[in-house]
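Note sheet for the following structure.
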Amino acid sequence: MTTTRATAVDKSSGDEARPVVDVSTLAVRDGEDPWTTDELDEVRATLDQDIERFAHQVEVSEAELVGLLHDGNEGAGRDSADVGSANFERDAEISLANNAREMLDQSRLAVRHIERGTYGQCDNCGQPIGKGRLMVFPRATLCVTCKQREERRS
Ligand SMILES: [Zn+2]
Numbered sequence: 125m126t127t128t129r130a131t132a133v134d135k136s137s138g139d140e141a142r143p144v145v146d147v148s149t150l151a152v153r154d155g156e157d158p159w160t161t162d163e164l165d166e167v168r169a170t171l172d173q174d175i176e177r178f179a180h181q182v183e184v185s186e187a188e189l190v191g192l193l194h195d196g197n198e199g200a201g202r203d204s205a206d207v208g209s210a211n212f213e214r215d216a217e218i219s220l221a222n223n224a225r226e227m228l229d230q231s232r233l234a235v236r237h238i239e240r241g242t243y244g245q246c247d248n249c250g251q252p253i254g255k256g257r258l259m260v261f262p263r264a265t266l267c268v269t270c271k272q273r274e275e276r277r278s
């Protein structure tokens, strides 16, 4: 075993103070190549974009909800069809907001895993999630087996 690993200080140090992640320690499945810095950077960039996007979505949804709830309070004189569609709109907005919040949490959790060097391990069984799966679903925190088991339960 040779230690050809580059030291933390290199010329590519950007402006952002991010913890240096040793990609060679990240979990991969049998037969997969170890993570490269480029691959992890790509996944990380996707997650950062997702966090921004979902945070924005949560904000918009919540503002929308405040508006809808406000309208609802003022609509005392409306007939039941109006109230029904207002309720429907509100419920749809609530589920949209919840969904965005869940995606946001998942993305943040994945980034935390990257920073801790635990990215790629299944949260449930500890087995490698697989680099191939993570490149497609960077937010994944469960391996395929555990994910399927979870989906069957719910
Ligand atoms: Zn698992």
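Take 125 as the starting number for the sequence shown in the numbering used here and just add one per residue. Each residue gets a CB set at the ideal place from its N, CA and C atoms; glycine is no exception. None of the values given here were measured: they were computed from a predicted structure.
- C249 and L258 have their C-alpha atoms some 16 Å from each other.
- Beta-carbon to beta-carbon, A151 and G244 are separated by about 4 Å, close enough to satisfy the 8 Å threshold.
- The three-state reading of DSSP puts Q251 in coil, since its state is none of H, G, I, E or B.
- Ligand 1 never approaches Q272 closely enough for any of its heavy atoms to be under 7 Å from the residue's Cβ.
- For E163 and D157, the gap between their C-alpha atoms comes out near 11 Å.
- Per DSSP, T265 is not a residue of any alpha helix (DSSP H), being assigned neither H nor E.
- Note on geometry: alpha-carbon atoms of L266 and R236 lie some 15 Å from one another.
- Annotated as proximal: E188 and E217, with beta-carbon spacing under 8 Å.
- Excluding its 5 nearest sequence neighbours in each direction, V167 has C-beta neighbours in its own chain below 7 Å: L258, M259 and P262, listed in chain order.
- Between the alpha carbons of P252 and T269 lies a distance of about 11 Å.
- Contact between D146 and G241 holds: their C-beta atoms lie close to 6 Å from each other, under 8 Å.
- Residue environment analysis places V190 among the exposed positions, since fewer than 16 neighbouring C-beta atoms fall within 10 angstroms of its C-beta.
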